[in-house]
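For the sequence shown, the UniProt record's numbering gives the first residue as 1, with consecutive numbering after it.
Cβ atoms here follow ideal geometry from the backbone N, Cα and C, with glycine treated the same way.
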Amino acid sequence: METVPDFLQKIKQQYLQQVSPNHFQWVTSDNEWSILVEPFAQAYLCEFLRPSIYTKLLLKSYFRLLDKYNQDHAEPVETLFYIYIESLSSREIPPVQYTLCDYSVRVYESQNVLLREGTTGARTWEAGMALAELLYHNPINPGTRVVELGAGTGLVSILCSKMGASVLATDGDNNVCQGIKRNAHLNGCDIPVQRLLWGVDPPVYADLVLASDVTYEGDLRCLATTMNDLITVNPCCKILLAATLRRQETIDNFLRLLPNFHVRVLTNKKYAKLLYYDSPPVVFYEIFR
Numbered sequence: 001m002e003t004v005p006d007f008l009q010k011i012k013q014q015y016l017q018q019v020s021p022n023h024f025q026w027v028t029s030d031n032e033w034s035i036l037v038e039p040f041a042q043a044y045l046c047e048f049l050r051p052s053i054y055t056k057l058l059l060k061s062y063f064r065l066l067d068k069y070n071q072d073h074a075e076p077v078e079t080l081f082y083i084y085i086e087s088l089s090s091r092e093i094p095p096v097q098y099t100l101c102d103y104s105v106r107v108y109e110s111q112n113v114l115l116r117e118g119t120t121g122a123r124t125w126e127a128g129m130a131l132a133e134l135l136y137h138n139p140i141n142p143g144t145r146v147v148e149l150g151a152g153t154g155l156v157s158i159l160c161s162k163m164g165a166s167v168l169a170t171d172g173d174n175n176v177c178q179g180i181k182r183n184a185h186l187n188g189c190d191i192p193v194q195r196l197l198w199g200v201d202p203p204v205y206a207d208l209v210l211a212s213d214v215t216y217e218g219d220l221r222c223l224a225t226t227m228n229d230l231i232t233v234n235p236c237c238k239i240l241l242a243a244t245l246r247r248q249e250t251i252d253n254f255l256r257l258l259p260n261f262h263v264r265v266l267t268n269k270k271y272a273k274l275l276y277y278d279s280p281p282v283v284f285y286e287i288f289r
C-alpha cells in the first residue's frame, strides 16, 4: 500500500501524545481492524514505536486486542515483540508530542500527576490543548507580543513562538518555570520565562494575554488584579481565557471581579479536533477594556 491510511496516522499521533491506553482508539471500524493486523501495518507501527514505559503499556493492550479479534490467530511481527521485550526493562520517559498539522510541540510532562500544590504545571491540561487548537485555527500575527499566565508545560507559549509571536511565558512556580525553559529548548525556541506572582509582581507589556485552566477553585482576586494591571499597561491589550467548565459558578464569580471590562464569549465553531483529550466543555472568553 503506497499511502498510509488516516487511521494509522492517527494511531501514531495518539502514541506520540501518549494517550492513556484506556482511552487509546486503535480503530473505528472492522475494516480498519482487518488492516491493523496486517504485517505492513505492524511494520508501520515499528517505524515509530520506541522502548519506553508507555510503549510497554500500549503494546500489552495491543497484543490483547490482537489475540481477541484476529480470527486467523496470526502472530505479531517479530520486531513488535522485540520492542515490547526491551520496554519491559526500560525506564525511558520520552517527551509528549502534540501534533497540530504543520506544527508539533514536544514537552516533558507528568500526565498522571496528582492535584496538589505546586504540581498543576507539571502536565498539560485539557483547556490548554483546546486553546492550542483555537490558536492553530486562528493564527497569531507574527511579532505579536504575547504573555501567557500559568504557562504550565509551555505548550501554548511554544506554539505561539513557532507562529512568530514574541512570547513571554510566566508561571508562579520556580520549578515549573525551569520546566518551561527545558521544553522551549527541546523545541528550538528562544522563549523568555519569568516567575510572575499574581497580584504581587508588576505587569509586563503585552498585546495579547493567554491563560488556560487558571480559574480553578479558590481566591481569584490576585489573578483579576494581574489581568487589570496588564491592561492598564496597554489599554489595547486583549486577554484570551480558556476555561474548563467544571462549575459555572466559579467562572461567573471570577468574571464579577472584572467589572470594568468587556467580556465576550467566543463562538464555539466546529473546528476539526486535532489533539486527543476528553474533558468537560471548554469555553473561550475574550476580555478587553
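Check your understanding: How would you label residue 213, buried or exposed, when you count the other beta carbons within 10 angstroms and need 16 or more for buried?
Key -> Buried is the call here.
Check your understanding: Taking Cβ positions, are residue 88 and residue 44 nearer each other than 8 angstroms?
Key -> Inclusion of residue 88 and residue 44 in the CB contact set at 8 angstroms is not warranted, their separation being larger than that value.
Exercise for review: Please name the residue in 283, 282, 163 whose C-alpha comes closest to that of residue 189.
Suggested key: Per the Cα distances, 163.
Point to revise | Element boundaries [beta strand (DSSP E), containing residue 166] | key: Boundaries of the beta strand (DSSP E) around residue 166: 166–171.
Review point. Residue 14 lies in the alpha helix (DSSP H); which residues open and close that run?
Key: DSSP places residue 14 in the uninterrupted alpha helix (DSSP H) bounded by 6–17.
Exercise for review: Using 10 angstroms around the beta-carbon of residue 205, count the other beta-carbons present and answer buried if the total reaches 16, otherwise exposed.
Suggested key: Its Cβ having fewer than 16 others within 10 Å, residue 205 is exposed.
**Study point:** Minimum length 3: unbroken beta strand (DSSP E) runs contained in the stretch 173–210
**Key:** For the stretch 173–210, the full-length beta strand (DSSP E) segments reaching 3 residues or more read 193–195 along the chain.
**Study point:** Beta-carbon proximity list for residue 117, same chain, < 8 angstroms, skipping 5 on both sides
**Key:** Summary for residue 117: the model assigns pLDDT 47, below 50, so the residue's position carries little reliability, and this model does not support an answer.
Point to revise | C-alpha gap between residue 18 and residue 32, whole angstroms | key: About 21 angstroms.
Check your understanding: What are the partner residues of residue 100, as DSSP defines its beta bridges?
Key -> DSSP output for residue 100 lists 103 as bridge partner(s).
Review point. Residue 287 by DSSP, collapsed to three states: which one?
Key: Of the three classes helix, strand and coil, the one that applies to residue 287 here is strand, per DSSP.
Point to revise | Own chain residues within Cβ distance below 6 angstroms of residue 115, not counting five before or after | key: A caution first: residue 115 carries a pLDDT of 41, below 50, which makes its placement in the model unreliable, though a value can still be read off. Only residues of its own chain outside the window of five on either side were considered, and among them none has a CB closer than 6 angstroms to the CB of residue 115.
Exercise for review: Using only alpha-carbon positions, find the residue among 256, 161, 238, 253 that is nearest to residue 266.
Suggested key: Proximity to residue 266 across 256, 161, 238, 253 peaks at 238, based on C-alpha coordinates.
Exercise for review: Would you mind giving the Cβ-Cβ distance between residue 251 and residue 242, rounded to the nearest angstrom? I have them listed as a contact below 8 angstroms.
Suggested key: In fact, because the Cβ distance is near 11 angstroms, the residues do not count as touching under 8 angstroms.
Practice item. Out of 262, 142, 59, 254, point me to the one whose CA is closest to residue 220's CA. Key: The alpha carbon of residue 220 has as its nearest neighbour, out of 262, 142, 59, 254, the alpha carbon of 254.
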